[in-house]
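Asks:
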Amino acid sequence: MILAISVACSALILGVGATIFMDLWALFRARVLGITSLNYALVGRWVGHMTRGKFAHTSIAAAAPIGGELMLGWFAHYLTGVVFAAVFLVIMSLGWLEAPTLLPALVFGVLTVVLPFFIMQPAFGFGVAAAKTPNPSVARQRSLITHASFGVGLYLTGLVMQVF
78 MILAISVACS ALILGVGATI FMDLWALFRA RVLGITSLNY ALVGRWVGHM
128 TRGKFAHTSI AAAAPIGGEL MLGWFAHYLT GVVFAAVFLV IMSLGWLEAP
178 TLLPALVFGV LTVVLPFFIM QPAFGFGVAA AKTPNPSVAR QRSLITHASF
228 GVGLYLTGLV MQVF
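Per this note's numbering, the sequence shown runs over residues 78 to 241.
1. So the candidates are Ala-107, Thr-128, Val-240, Arg-219; which of them puts its Cα closest to the Cα of Ala-176?
2. Considering Cα atoms alone, identify which of Gly-228, Ile-222, Phe-152 is closest to Tyr-117.
3. Distance, Cα to Cα, Ala-140 vs Ile-79?
4. Does Thr-113 come out as helix, strand or coil in the three-state DSSP assignment?
5. Let's see if you can read the secondary structure: which residues bound the alpha helix (DSSP H) around Thr-178?
6. Could you check how far apart the C-beta atoms of Leu-147 and Gly-121 are, in whole angstroms? I think they sit under 8 Å.
7. Is the distance from the Cβ of Phe-195 to the Cβ of Thr-96 below 9 Å?
8. Does the contact criterion of 3 or more C-beta pairs under 8 Å hold for the segment 202-221 versus the segment 151-166?
9. Nearest to Ala-225 by CA position, among Val-215, Trp-123, Thr-135, Leu-179, is which residue?
10. Between the segment 154-174 and the segment 127-140, do at least 3 Cβ pairs fall closer than 8 Å?
11. Under the rule that 16 or more other beta-carbon atoms within 10 Å means buried, what is Met-127, buried or exposed?
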């Protein structure tokens, strides 16, 4: 029981920290490089429609808006980060937090792109690995970079957690 609480608390801190890093990276890309990131209102719309029994859409942008979808989308985004961090800690063990290393965190971050490629993007109407978007290779590259930044965020947050 104590181990489960320790993993949950560590995953909360690690996941929120890594997601904040990912969001700061997205903000940098948007402001400096002009590269926009995912509109989290669409994530909220998707989650909202799931509660009504609709999982996949021809176009999530054309789906009926859901009240509070932006807030719901951001909540889902951070919850996903915490869940990913929990999975990472279960795989690596809490010992990783005693001496965080970049490579496992980076590899894990990149591997998390499997979920948007095979679940989220098809459900949004974008196709598997963004195949139905105007420029699939650019969309894939952006997804990989975003998820790699999550991995870097895991590592950096792990380092910060050592101080506290």
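Glycine included, each C-beta is placed from N, C-alpha and C at the ideal position.
Replies: By the coordinates alone:
1. Considering only alpha carbons, the answer is Val-240.
2. Closest by alpha carbon: Phe-152.
3. If you take the alpha carbons of Ala-140 and Ile-79, they lie about 44 Å apart.
4. Assignment of Thr-113 by DSSP, reduced to helix, strand and coil, places it in the coil class.
5. Thr-178 -> no alpha helix (DSSP H), and no H or E assigned at all.
6. Between Gly-121 and Leu-147 the Cβ distance is about 6 Å, and since that is below 8 Å, they are a contact.
7. Going by C-beta atoms, Phe-195 is not nearer than 9 Å to Thr-96.
8. Not touching, per the Cβ criterion.
9. For the set Val-215, Trp-123, Thr-135, Leu-179, the Cα lying nearest the Cα of Ala-225 is the one of Leu-179.
10. Contact between the segment 154-174 and the segment 127-140 is not established, with fewer than three Cβ pairs separated by less than 8 Å.
11. Classification for Met-127: exposed.
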